[in-house]
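Take a look at the structure below.
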Amino acid sequence: MAEQGSKTTSWWRRFRWLYAVRCTLACVVTLVAVAVIVRAVVVMLRPEKLQLKLAAGRVAANYIPSLPPPGNKVSLKFVLRAYNPSGRATLEYANVTVRLTDASSSSSSAEAPTARIAEFDLPKPIDVTQQTLSEVLVPLWLVPEEDLPMRYVRALYEGRGVAGAEMELRGILSTHVAMSTTSVLTTYYCWPVTIAVGPGDYAAADVPCFDKLDAPAHV
């Protein structure tokens, strides 16, 4: 009987040890699985940064032969280069308002109480698929005084233009991954920007646009 009791005790100890090992392994596997799921969710919901550049750092104006301009319109255009670095998400920058300001202008000037040059909306969203570079041509037709202060109309008419301007873009950046979409209000700053007559040198270096958190102090 004593020998049988000893065998029963030994079998029970081995059973408890195997049970403990199996429970430990099950817990480890569960924790690893949870960690993988959490990481996947975080990666899926993490917003991607759209990389924006202003081509040649330039906003080009058509030649103005007279004042007031023919048709009372000033024609401007610029090119934005948008790159999506993500290999899994499609990015959309929508409802974008663009504001051009004269960084060298004094806010105390009687002629120009504010440094605003022009403000307008992009006509359509900027859509960029995974790891793709997209170029967006933005044409504008601004009404002197109403959309564009006369001091800048006159500067373009005289061929002087505006150097050292700043471009601010403010819109909703949406990240589309599978069935998930996250959207966040995102502001970019491009500096320095030249507004001048003629197409200019588009072989010149592009000006990067920084988002609000990464923008240098001077913008």
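Here my numbering is used: the first residue of the sequence shown is 163, the next is one more, and so on.
Glycine residues also receive a C-beta, built at the ideal position from the N, C-alpha and C atoms.
Source: prediction; values computed, not measured.
Our two residues, Ile334 and Gln292, have alpha carbons roughly 18 Å apart in a direct line.
Of the residues assessed, Arg322 falls on the exposed side of the cut-off, its CB having fewer than 16 other CB atoms within 10 angstroms. In this structure, the alpha-carbon of Ala218 lies about 31 Å from that of Thr344. The straight-line gap separating the alpha-carbon atoms of Pro231 and Thr252 is approximately 42 Å. For Glu320, the closest alpha carbon among the candidates Pro361, Leu229, Leu212 and Val221 is that of Leu229. In the pairwise beta carbon analysis, the segment 287–304 is classified as not touching the segment 350–359: fewer than three pairs are separated by under 8 Å.
Contact between Asp373 and Thr337 does not hold, since their C-beta atoms are separated by about 14 Å, which reaches or exceeds 8 Å.
Linking Glu328 to Thr263 through their CA atoms gives a straight-line distance of about 5 Å. Cβ neighbours of Lys235 within its own chain (closer than 6 Å, five residues either side excluded): Trp303. In this structure, Leu238 sits near Ala280, with a CB-CB distance shorter than 9 Å. DSSP places Leu318 inside the alpha helix (DSSP H), whose first and last residues are Met312 to Tyr319.
DSSP places Pro301 in the uninterrupted beta strand (DSSP E) bounded by Leu295 to Leu304. Nearest C-alpha to Val359 among Ile226, Lys211, Leu216 and Lys215: Ile226. In this structure, the alpha-carbon of Ala223 lies about 22 Å from that of Tyr350.
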